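K.L.:
Heads up: take any position in the sequence shown, counting from 1, add 2, and you land on this note's numbering. Positions of the beta carbon are idealized from the N, C-alpha and C atoms, including for glycine. Just so we're clear, the structure is a prediction, and the values are computed from it rather than from any experiment. Got a structure for you, questions after.
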Amino acid sequence: IDSDDAALTRTIVHARADLLGTPRAGRQYRNLLLDGGFDDVTVEVHTSVFTDPAMLSLLTRLAEPACTSGAVDRAQADEWLIEQRRRADAGRLFIAIPFFVAAASA
């Protein structure tokens with residue numbers, strides 16, 4: 003996520019990840035399959051880039067839990083979301099999300 007405040011963005015993203023049961027599952031995917039007895043395991047990552055203002059709802063779903071958990075305060079979350087809305091209005095929103103895809107044989 004492009005932002006003028008990289009540290010705040012990192013805090014928000016990490017706070018959201020901390021709420022997941024297995025936030026590193028994508029990175030663990032290959033070993034999980036191997037541990038499950040699969041052979042010929044391959045994993046690829048495909049990164050999708052989003053620039054559409056419709057993705058602002060995703061950013062809200064990142065910022066709100068970060069605020070609720072206390073990782074950031076309300077003012078920080080609001081300012082970050084305002085910046086992202088400004089970026090969207092100017093056609094400058096940028097979000098990149100990696101998707102892990104695996105194949106294996108049993």
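Whole angstroms are fine: how far does the CA of V103 sit from the CA of T11?
P.N.:
Walking along the sequence shown from the start, residue 11 turns up at place 9. Walking along the sequence shown from the start, residue 103 turns up at place 101. When rounded, the distance between both Cα atoms is 26 Å.
K.L.:
Taking R87 as the reference, give the member of P55, A68, R76 with the closest Cα.
P.N.:
Counting from one through the sequence shown, the residue named residue 87 turns up at place 85. Answer by Cα proximity: P55.
K.L.:
May I ask you to report which of helix, strand or coil DSSP gives S71?
P.N.:
In the sequence shown, counting from the first residue as 1, residue 71 sits at position 69. Note: S71 maps to coil in three-state DSSP.
K.L.:
Tell me which residue opens and which closes the beta strand (DSSP E) that I97 is part of.
P.N.:
Here the question's residue 97 lines up with position 95 in the sequence shown. It spans 97-107 - the beta strand (DSSP E) in which I97 sits, taken as one unbroken run.
K.L.:
For A77 versus A17, is the C-beta spacing smaller than 8 Å?
P.N.:
In the sequence shown, residue 77 corresponds to position 75, counting from 1. In the sequence shown, residue 17 corresponds to position 15, counting from 1. It is not a contact, given that the beta carbons lie outside the stated cut-off.
K.L.:
Where do the ends of the alpha helix (DSSP H) carrying A13 lie?
P.N.:
In the sequence shown, residue 13 corresponds to position 11, counting from 1. Contrary to the premise, residue 13 reads as Thr rather than Ala in this sequence. Taken as a continuous stretch (DSSP letters only), the alpha helix (DSSP H) holding T13 covers 8-20.
K.L.:
Thinking just about the alpha-carbon of each residue, which of A106, L22, D41, M57 is nearest to the one in I3?
P.N.:
Indexing the sequence shown from 1 puts residue 3 at position 1. If we check each option's Cα against that of I3, M57 comes out closest.
K.L.:
Do the region 32-47 and the region 82-96 touch if we need at least three Cβ pairs shorter than 8 Å?
P.N.:
Verdict: no, contact absent.
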